[in-house]
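One structure is given below, encoded as structure tokens.
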Amino acid sequence: MKQIQMIKNPPFSLISTNKIIQMSDVSTSYDSRNFALEKINLSIDRGTNYAIVGQSGSGKSTLLKLMNGMMIPSNGTIKIDYITPNMNNKKFKKMMHTIGYIPQSLGLVKNITVLDNILIGALPRLNKIQSFFKKFPEHEITEAKRIISLVGLTGKENRKAYMLSGGEKRRVAIARALMQKPTILLADEIVSELDHVTAKEIMNLVADAQKRMNLTAIMVHHDMQLALEYANRVAVIKEGHKILEIGVEGDTIVDFQTGDLNTEEIMGMYADDTKK
Amino acid sequence: MTPKNNIVIGIIVGLVIIASYNVEANPLEFAEGLPNLGIVLEEILVLENIIDNMKYVPTALWAMLETLQMAFIGTVIGVVIGLPFSMLAARNLNNKFIYAPIRALLAIIRTFPSILWAMLFVIVVGLGPFAGVLAIILYTIGFVTKLQYESIETIDSDPMDAVSSIGVSKFQLIRYVVIPESASHLLGQMLYMFDYNVRQSTILGIVGAGGIGFFVVQYIKFFEYGKVAVFMFVVLMVVLGIDWASVKIRDKYIIKSQHGVEVLAK
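Residue numbers (the numbering used here), protein chains in the order written: chain A, 40 to 315; chain B, 770 to 1035.
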């Protein structure tokens, strides 16, 4: 477990004005009675490795769906690079390929090969004729093979997705997202249900890609320790509310939450909750 | 058994009796007529007649080949035309202003059995197998499209959502997710439809739309049951053969992709 030292004033390295994602008073609901998220304010810097932590049903997956335009907030505003994420918004539609999204279910097409699944990430760059005849340019195939090597799936290019193990499927989903050449990577609990060693491998893979491609990675976890280990910033969501936001730099944790909340106490409570 | 169940059973039995009276279904008449079948069987099963009728086997095989070709062309063209319609009729790919009218059109096509469509096409293109082929194409479009859009609607929404979020076009979504994910169902449906169309093609000859049915009807008209038996035997053998081949193809190409397991070739 990481030993932390908590300070109230953030060091300069954790202050930035280069915001890529901004959410202001965002609320959303699946039905008219209950809010899945309520009055969420988030501001994420370009190039950050951001973690969202919370228990099942806390609204963290919903938060990712709002960021990639799959859901629309009932109140508040969201801006991704100053554009409102909405699949019906033409400006957003043009930038969707720059957002790599890995759902918890991974969303692989199970009856096609690893290579074909990864090449799906290049589809927005194909014209209609190339799409129809499944004729990917040579440089795209070369890039896909490079990414396959990067995620450690060399030799399994021609395996059907349904034949892969859980860890391999996650690598394919990450590779598909990287094939998009994204600027933002949204990943929803991609290491849950994996053994510790495989989970670390997958997390290292994402962290490496994030640094190498200068991605803004927003990863949902239910494990606080994992979040603290890899993220620069961590937001804790509980029952649709953001109850904590901290910055992490080495062994230092910086409290960004305004108000009367006692960060140490909440983190302690949360750590207890996740152990149950 | 609750009193409510007794009332329901009573109503069903009552309706069967009324309907039987209306259609003059008389079990006694059936029992009295059974010996007539014996006379026919006697004529068919006489060794001399069997040997004599064997000379019609090449004609029966040739007619069956025509029937198979009608079913094959009808199935392939029907599926090819039906596939785009099934994409338009799927609720998870379109809004109701697109899928509702397409579904209504397909329901109208399915309302009439292929033999009625065959009668219509005999008027249009005259007697012969072409009318039968057109009838099979139309019926296949109506039927296979329904099967296909229902299987498209059962596709796991996760890959569709994940790929949609990349910003791909509707066409790309269909080409790279919907078709691969429903391909195994489509192959199964094609096999089923071909099997069904072979059986249908054997009776289209009744209205002059070609195939082996044309010969069967002619021989029945002239009470030549021995020849009818030869033709029916050929139909039976071919349909059983298609059934066997369907099972093999399903095992090899469909079961594993639907269940995510490899099936060892036997």
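Think of the CB as a built atom: it goes at the ideal place given N, C-alpha and C, for glycine as much as any other residue.
Would residue i and residue j qualify as a contact pair, given that the criterion is a beta-carbon distance under 8 Å?
| i | j | result |
| --- | --- | --- |
| V937 (chain B) | L162 (chain A) | yes |
| V997 (chain B) | Y988 (chain B) | yes |
| S97 (chain A) | I276 (chain A) | yes |
| M839 (chain B) | S1015 (chain B) | no |
| V153 (chain A) | L192 (chain A) | yes |
| L225 (chain A) | N107 (chain A) | yes |
| R209 (chain A) | L158 (chain A) | no |
| A978 (chain B) | V891 (chain B) | yes |
| F171 (chain A) | R944 (chain B) | yes |
| G847 (chain B) | I905 (chain B) | yes |
| A887 (chain B) | F984 (chain B) | no |
| G851 (chain B) | G980 (chain B) | no |
List the whole-angstrom C-beta distance separating residue i from residue j, where the pair is believed to meet the contact cut-off of C-beta under 8 Å.
| i | j | result |
| --- | --- | --- |
| A246 (chain A) | Y269 (chain A) | 5 Å |
| T923 (chain B) | F854 (chain B) | Rounded, the Cβ-Cβ distance is 18 Å, inconsistent with contact. |
| I285 (chain A) | L254 (chain A) | So it is not a contact: roughly 21 Å between Cβ atoms. |
| V762 (chain B) | V826 (chain B) | The requested residue 762 (chain B) is not part of the displayed model; chain B covers only 770 to 1035. |
| V894 (chain B) | L885 (chain B) | V894 (chain B) to L885 (chain B), Cβ: 15 Å. No contact. |
| P142 (chain A) | D234 (chain A) | In fact, because the Cβ distance is near 21 Å, the residues do not count as touching under 8 Å. |
| Y994 (chain B) | I819 (chain B) | Actually they are not in contact, since the Cβ atoms of Y994 (chain B) and I819 (chain B) sit about 12 Å apart, beyond 8 Å. |
| T67 (chain A) | T101 (chain A) | 6 Å |
| N88 (chain A) | Q264 (chain A) | Going by Cβ atoms, the distance from N88 (chain A) to Q264 (chain A) rounds to 15 Å, so no, they are not a contact pair. |
| I187 (chain A) | A212 (chain A) | Their Cβ separation, rounded to whole angstroms, is 13 Å, which puts I187 (chain A) and A212 (chain A) out of contact at 8 Å. |
| D930 (chain B) | M242 (chain A) | Going by Cβ atoms, the distance from D930 (chain B) to M242 (chain A) rounds to 24 Å, so no, they are not a contact pair. |
| I111 (chain A) | N125 (chain A) | 6 Å |
| V293 (chain A) | N271 (chain A) | Their Cβ separation, rounded to whole angstroms, is 10 Å, which puts V293 (chain A) and N271 (chain A) out of contact at 8 Å. |
| R1019 (chain B) | G957 (chain B) | 6 Å |
Closest Cβ-Cβ distance between residue i and chain B: below 8 Å?
| i | result |
| --- | --- |
| L203 (chain A) | no |
| N148 (chain A) | Note on identity: in this sequence residue 148 (chain A) is Val, with Asn being the wrong assignment. Chain B, which has a Cβ nearer than 8 Å to the Cβ of V148 (chain A), makes this yes. |
| S100 (chain A) | no |
| K208 (chain A) | no |
| N107 (chain A) | yes |
| I257 (chain A) | no |
| M135 (chain A) | yes |
| I159 (chain A) | yes |
| K315 (chain A) | Legend: pLDDT at K315 (chain A) = 40, less than 50; position of this residue unreliable, value from coordinates given subsequently. No, K315 (chain A) lies away from the interface with chain B (no Cβ there is under 8 Å from its Cβ). |
| I32 (chain A) | Absent from the structure is residue 32 (chain A), since the part of chain A shown begins at 40 and ends at 315. |
| Y121 (chain A) | no |
| L162 (chain A) | yes |
| P142 (chain A) | yes |
| I151 (chain A) | yes |
| F175 (chain A) | no |
| K132 (chain A) | yes |
| S188 (chain A) | no |
| S170 (chain A) | yes |
| Q264 (chain A) | no |
Does any residue of chain A bring its CB to less than 8 Å from the CB of residue i?
| i | result |
| --- | --- |
| F940 (chain B) | yes |
| P949 (chain B) | yes |
| V902 (chain B) | no |
| R1019 (chain B) | no |
| D821 (chain B) | no |
| R944 (chain B) | yes |
| S930 (chain B) | As written in the sequence, residue 930 (chain B) is Asp, which differs from the Ser given in the question. For D930 (chain B), the answer is yes, since a Cβ of chain A falls inside 8 Å of its Cβ. |
| I867 (chain B) | no |
| V937 (chain B) | yes |
| A952 (chain B) | yes |
| L956 (chain B) | no |
| S934 (chain B) | yes |
From what residue to what residue does the alpha helix (DSSP H) around residue i run?
| i | result |
| --- | --- |
| D120 (chain A) | Element bounds for D120 (chain A): n/a, residue is neither H nor E. |
| V65 (chain A) | V65 (chain A) -> not in any alpha helix (DSSP H); beta strand (DSSP E) instead, spanning K58 to T67. |
| H136 (chain A) | Taken as a continuous stretch (DSSP letters only), H136 (chain A) belongs to no alpha helix (DSSP H), as it is neither H nor E. |
| R872 (chain B) | K865 to T880 |
| L317 (chain A) | Nothing can be reported for residue 317 (chain A): it is not among the residues displayed for chain A, which extend from 40 to 315. |
| I111 (chain A) | First-last for I111 (chain A): undefined, no H or E at that position. |
| T101 (chain A) | K99 to M106 |
| K173 (chain A) | Premise fails: K173 (chain A) is in no alpha helix (DSSP H) and is neither H nor E. |
| Q264 (chain A) | M263 to Y269 |
Tell me the residue span of the beta strand (DSSP E) that contains residue i.
| i | result |
| --- | --- |
| T291 (chain A) | T291 to D294 |
| I975 (chain B) | Per DSSP, I975 (chain B) belongs to no beta strand (DSSP E) and is neither H nor E. |
| I276 (chain A) | R272 to K277 |
| S82 (chain A) | L76 to D84 |
| L283 (chain A) | H280 to E288 |
| A90 (chain A) | N88 to G93 |
request  = Starting from the N-terminal side, write out each stretch of the beta strand (DSSP E) that is 3 residues or longer and does not extend beyond the segment 189–255 of chain A.
outcome  = Correct list: 223–227.
query = Can you list, in chain order, the stretches of the alpha helix (DSSP H) that have 4 or more residues and sit fully within the segment 893–949 of chain B?
reply = Whole alpha helix (DSSP H) segments, 4+ residues: 898–922, 926–933 and 939–942.
query = Unbroken alpha helix (DSSP H) runs of length 4 or more, entirely within the segment 990–1027 of chain B: which are they?
reply = As far as the segment 990–1027 of chain B is concerned, its whole alpha helix (DSSP H) runs of at least 4 residues are 994–1018.
key: Completely contained alpha helix (DSSP H) runs for the segment 780–838 of chain B, where each covers 4 or more residues   = Fully enclosed alpha helix (DSSP H) runs of 4 or longer: 796–814 and 816–822.
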